[in-house]
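> 1 is the number of the first residue of the sequence shown in this note's numbering; add one for each residue after it. Cβ coordinates follow ideal geometry from the N, Cα and C atoms, glycine included. Please read all numbers here as calculations on a predicted model, not as lab measurements. Attaching a single structure in structure tokens format; questions to follow.
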Amino acid sequence: MMETESDGGDEESVFSSTTWTSGGLLDGEEEDDDDDGTPFYTLTSGDSQVETEANKGLQFVSRGNSHQPIHIPLVHLLRRALLQHNWHQAAHVMAALCTEYRDVGHVIWQVGSEVLYNHPGTESIHLQSHADNMEKVVTLNRFQVHLEFIFHLLSKGQLEEAYETIKSGPLRKKGAVYFTKATQPIWVPVVKAYTGLIEYGLWLQGRHKVSQLQDVSGLTGGYDTQESVMLDSTLTTCEETVQRYAGKAEDNFEDVLKEPGVWDIFVAKQVEMLEYYDRTEEAGKVLQGYWEKNPENPNAHKYYYFFLRKHNSPDEQKVKVLKELQNIVPSDELMLDLVCLKQEEDLGECLHVLFDLLDHHCWSQDIRPWQNLADMLRKIHTIQTPSLMDTLEQCWYIRQDWWPPYHFPPSSAEHMVRSNPALALVKAVVCSLMSADRGFSQAVSDLLQPSQRSVVEEAVQIGDAWRRIQDGRRRRSSSSSFSSSGHRDRHSTSSSSSSSYSNSTSGSNVGGNHCASRRSSSSSNGSSNSRGACSRNSSISSNGSNNSHVSNVSNISNSSSIEENVVW
Numbered sequence: 001m002m003e004t005e006s007d008g009g010d011e012e013s014v015f016s017s018t019t020w021t022s023g024g025l026l027d028g029e030e031e032d033d034d035d036d037g038t039p040f041y042t043l044t045s046g047d048s049q050v051e052t053e054a055n056k057g058l059q060f061v062s063r064g065n066s067h068q069p070i071h072i073p074l075v076h077l078l079r080r081a082l083l084q085h086n087w088h089q090a091a092h093v094m095a096a097l098c099t100e101y102r103d104v105g106h107v108i109w110q111v112g113s114e115v116l117y118n119h120p121g122t123e124s125i126h127l128q129s130h131a132d133n134m135e136k137v138v139t140l141n142r143f144q145v146h147l148e149f150i151f152h153l154l155s156k157g158q159l160e161e162a163y164e165t166i167k168s169g170p171l172r173k174k175g176a177v178y179f180t181k182a183t184q185p186i187w188v189p190v191v192k193a194y195t196g197l198i199e200y201g202l203w204l205q206g207r208h209k210v211s212q213l214q215d216v217s218g219l220t221g222g223y224d225t226q227e228s229v230m231l232d233s234t235l236t237t238c239e240e241t242v243q244r245y246a247g248k249a250e251d252n253f254e255d256v257l258k259e260p261g262v263w264d265i266f267v268a269k270q271v272e273m274l275e276y277y278d279r280t281e282e283a284g285k286v287l288q289g290y291w292e293k294n295p296e297n298p299n300a301h302k303y304y305y306f307f308l309r310k311h312n313s314p315d316e317q318k319v320k321v322l323k324e325l326q327n328i329v330p331s332d333e334l335m336l337d338l339v340c341l342k343q344e345e346d347l348g349e350c351l352h353v354l355f356d357l358l359d360h361h362c363w364s365q366d367i368r369p370w371q372n373l374a375d376m377l378r379k380i381h382t383i384q385t386p387s388l389m390d391t392l393e394q395c396w397y398i399r400q401d402w403w404p405p406y407h408f409p410p411s412s413a414e415h416m417v418r419s420n421p422a423l424a425l426v427k428a429v430v431c432s433l434m435s436a437d438r439g440f441s442q443a444v445s446d447l448l449q450p451s452q453r454s455v456v457e458e459a460v461q462i463g464d465a466w467r468r469i470q471d472g473r474r475r476r477s478s479s480s481s482f483s484s485s486g487h488r489d490r491h492s493t494s495s496s497s498s499s500s501y502s503n504s505t506s507g508s509n510v511g512g513n514h515c516a517s518r519r520s521s522s523s524s525n526g527s528s529n530s531r532g533a534c535s536r537n538s539s540i541s542s543n544g545s546n547n548s549h550v551s552n553v554s555n556i557s558n559s560s561s562i563e564e565n566v567v568w
């Protein structure tokens with residue numbers, strides 16, 4: 001096993017020359033014939049990648065059955081240069097990587113792009129050459145490389161250059177070959193989307209130029225001069241260019257929105273252009289279609305709702321969109337809009353929305369939902385509608401164990417009163433109206449001004465009254481359930497008893513034999529008593545058939561001894 005150098009040399013030796021030979025040595029160095037002088041160790045397909053002295057400092061990149069080493073100290077130098085923004089040193093290291101290592105295309109592309117973007121000596125021809133070379137690397141996606149270069153041009157404000165570049169990209173090149181069939185449907189709409197976005201940028205740029213020309217034309221208008229004629233001609237040409245960019249961008253956006261996916265930024269720009277040209281109805285249809293196709297995308301709901309709110313659409317439409325949004329993001333700020341839209345017609349639903357909103361920690365210190373909840377609780381306690389009281393009880397029942405320590409810990413009262421006394425007061429009112437843990441309300445009340453304490457005390461009285469009402473309703477409900485159960489039991493007992501008596505009286509042979517046997521074995525006085533007992537039992541059975549089951553049960557319970565004598 002051949003040995004390799006354990007380090008990459010000091011920084012000055014690495015960057016002493018900008019020219020690297022094919023063997024990985026700097027110009028001026030002589031390759032040593034000994035094994036110890038081998039600059040980089042290369043594994044074959046049969047060698048083992050065991051961490052030994054021979055391969056320390058190397059990281060292996062596999063491609064098929066071959067392995068290409070990366071010298072780790074060289075990578076460390078590259079990392080250090082990038083962190084220090086030392087673009088000169090980073091350029092030297094990249095030159096070495098580009099010369100020696102063929103299987104690190106992503107490193108060469110990403111780091112090389114970063115170096116070129118920030119190097120003071122970089123010119124546009126260098127960037128273009130780097131992008132063209134990276135598109136030829138088979139391990140990279142040519143569309144991704146191309147778009148990355150376009151993003152850099154856009155970040156520099158070079159819209160025209162970006163537009164020319166994207167029009168001459170791999171999608172437009174004659175004989176362009178896709179790597180796989182799967183990449184074509186993915187990247188075609190993406191490239192179209194960003195083409196439309198660049199055209200939108202050029203449209204905005206043209207609008208600004210038209211506005212400036214119109215201002216100048218207004219100052220020189222009315223004068224038949226050569227300058228005025230040239231200005232009008234320039235203005236007309238610029239307006240036509242703006243219209244052309246708008247049409248192209250709209251066509252690209254329409255094609256993109258036919259494809260499934262998240263196209264938030266692009267649909268927003270399309271709607272902006274349509275509204276600019278007073279095509280409001282078309283803009284609404286675009287947003288509605290995007291909303292219907294993306295039920296799981298919160299932005300699709302928000303864009304459509306903002307459009308409806310901006311154009312004063314009916315509340316029913318806005319409520320429908322917001323309710324769909326609540327299903328996927330119950331903590332969104334727009335839930336406050338939903339409460340405002342629904343509180344006049346459905347307090348119960350608004351109550352659910354507010355409780356769900358306040359379940360999330362991001363709203364625990366925001367006074368708006370707490371104030372809405374406090375006002376709503378006061379209204380519900382005032383009108384005392386049974387359905388609303390039941391809804392309130394349901395909302396609180398599933399939260400009564402964890403809301404008090406979560407929202408109303410007594411230990412937070414002092415800090416809350418100091419930092420946000422208005423919020424502390426509102427939360428204390430809600431805590432009292434819900435008849436929750438009184439420690440928080442009492443702690444806040446003790447720290448508030450006397451005029452504010454009365455608000456908390458009033459809420460405490462309302463909460464206590466509501467709790468007593470709820471306790472009474474629960475007791476009556478329990479009593480009613482118990483009474484109903486007892487009535488069913490008594491009804492069953494009465495039916496079985498009546499059946500027994502009917503059998504005993506209708507079965508004359510059994511009753512006669514029974515009485516006869518008792519007469520034969522007893523004295524005349526005893527037989528008279530037996531006949532009297534049978535007579536009384538017959539009378540009771542007859543009355544039971546005419547009276548209610550409750551009367552039967554009462555008579556039977558009072559004549560238990562008679563029942564024993566008759567049946568047995």
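Return the residue from the list H76, G121 and V75 that minimises the CA-CA distance to W87.
Counting from one through the sequence shown, the residue named residue 87 turns up at place 87. Comparing Cα positions, the closest option is G121.
> Going by CA-CA distance only, name the one from S217, Q226, N327 and V319 that's closest to E345.
Looking up residue 345 in the sequence shown gives position 345. Minimum Cα distance to E345 is reached at V319.
> CB-CB under 6 Å to N252, same chain, minus the five flanking residues each way: which ones, in chain order?
Here residue 252 is taken as the residue at index 252 of the sequence shown, counted from 1. Contacts found: K192, T195 and G196.
> Can you tell me which of the three DSSP states D446 falls into?
Sequence index remark: in the sequence shown, residue 446 carries index 446 (1-based). If DSSP states are grouped into helix, strand and coil, D446 belongs with the helices.
> From the DSSP output, in three-state form, read off M134 for me.
Counted from its first residue, the sequence shown places residue 134 at position 134. Of the three classes helix, strand and coil, the one that applies to M134 here is helix, per DSSP.
> Please state the DSSP three-state secondary structure of M434.
Here residue 434 is taken as the residue at index 434 of the sequence shown, counted from 1. Correct three-state label for M434: coil.
> Compare the Cα-Cα distances from R474 to each of M389, H407, K167 and A424 and report the closest residue.
Translated into positions along the sequence shown, residue 474 becomes position 474. That would be M389, whose Cα lies nearest to the Cα of R474.
> Start and end of the alpha helix (DSSP H) containing C350?
Start at 1 with the first residue of the sequence shown, and residue 350 comes out as number 350. Residues L347 to L358.
> DSSP three-state label for G23, please.
For this step, residue 23 is matched to residue 23 along the sequence shown. Confidence at G23 is low in this model, with a pLDDT of 32, below 50, so its placement is unreliable and the value that follows should be read with caution. Note: G23 maps to coil in three-state DSSP.
> Measure the C-alpha to C-alpha separation of W396 and I380 and round it to an integer number of angstroms.
Counting from 1 along the sequence shown, the entry for residue 396 is found at position 396. Counting from 1 along the sequence shown, the entry for residue 380 is found at position 380. Roughly 14 Å between the two C-alpha positions.
> What does a CB cutoff of less than 7 Å around S435 pick up in its chain, not counting 5 residues either side in sequence?
On the sequence shown, position 435 is the one that residue 435 refers to. If we look at S435 and ignore the five residues flanking it on each side, its Cβ neighbours are G463, D464, W466 and R467.
> At the level of alpha carbons, what is the spacing between L203 and A246?
Walking along the sequence shown from the start, residue 203 turns up at place 203. Walking along the sequence shown from the start, residue 246 turns up at place 246. It is Trp, not Leu, that sits at residue 203 in the sequence shown. Their Cα atoms are separated by approximately 6 Å.
> What alpha helix (DSSP H) runs, 4 residues minimum, are completely inside the region 363-438?
You should have 367-383, 386-397, 403-407, 413-419 and 421-433.
> Given 8 Å as the limit, is there contact between the region 298-315 and the region 332-343, that is, 3 or more CB pairs closer than that?
The region 298-315 is in contact with the region 332-343.
> Determine the closest residue to F355 out of P369, T237 and Q365, with distance taken between C-alpha atoms.
On the sequence shown, position 355 is the one that residue 355 refers to. The candidate whose alpha carbon is nearest that of F355 is P369.
> From this set, L213, Y117, D215 and R207, which residue's C-alpha is nearest Q243's C-alpha?
Residue mapping note: residue 243 aligns to position 243 of the sequence shown, counting from 1. Among L213, Y117, D215 and R207, the Cα nearest to that of Q243 belongs to R207.
> Using alpha carbons as the reference points, say which of K258, K209, T280 and W263 lies closest to C238.
On the sequence shown, residue 238 is found 238 positions in, with the first residue counted as 1. C238 has its Cα closest to that of K209, out of K258, K209, T280 and W263.
> Pull up the CB-CB distance for N372 and V339, whole angstroms please, since I reckon it's below 8 Å.
Within the sequence shown, residue 372 is the residue found at index 372, counting from 1. Within the sequence shown, residue 339 is the residue found at index 339, counting from 1. Confirmed, about 6 Å.
> Kindly confirm or deny that the region 422-436 and the region 403-412 touch, where touching means at least three C-beta pairs closer than 8 Å.
Yes: at least three Cβ pairs fall under 8 Å.
> So is I383 buried or exposed if we call it buried at 16+ other beta carbons inside 10 Å?
Indexing the sequence shown from 1 puts residue 383 at position 383. Exposed, by the Cβ-count rule.
> Count the other CB atoms within 10 Å of the CB of M230; is the residue buried (16 or more) or exposed (fewer)?
For the purposes of this step, residue 230 is taken as the residue at position 230 of the sequence shown. Exposed, since its Cβ has fewer than 16 Cβ neighbours within 10 Å.
> For the region 249-319, list the beta strand (DSSP E) runs that are entirely contained and at least 3 residues long, ordered along the chain.
For the region 249-319, not a single whole beta strand (DSSP E) run of length 3 or above is found.
> In the DSSP assignment, find the alpha helix (DSSP H) that holds V339 and state where it starts and stops.
Mapped onto the sequence shown, residue 339 falls at position 339. It spans M335 to K342 - the alpha helix (DSSP H) in which V339 sits, taken as one unbroken run.
> Skipping 5 residues on each side, what residues in its chain have a beta carbon closer than 7 Å to that of L116?
The residue given as residue 116 occupies position 116 in the sequence shown. Closer than 7 Å at the Cβ level, and outside the excluded window around L116, lie T122, H126, L127 and H130.
> Under a three-way DSSP split, which group does V50 fall into?
Your numbering for residue 50 matches position 50 in the sequence shown. No answer about V50 holds up, because its pLDDT of 37 lies below 50 and its placement is not dependable.
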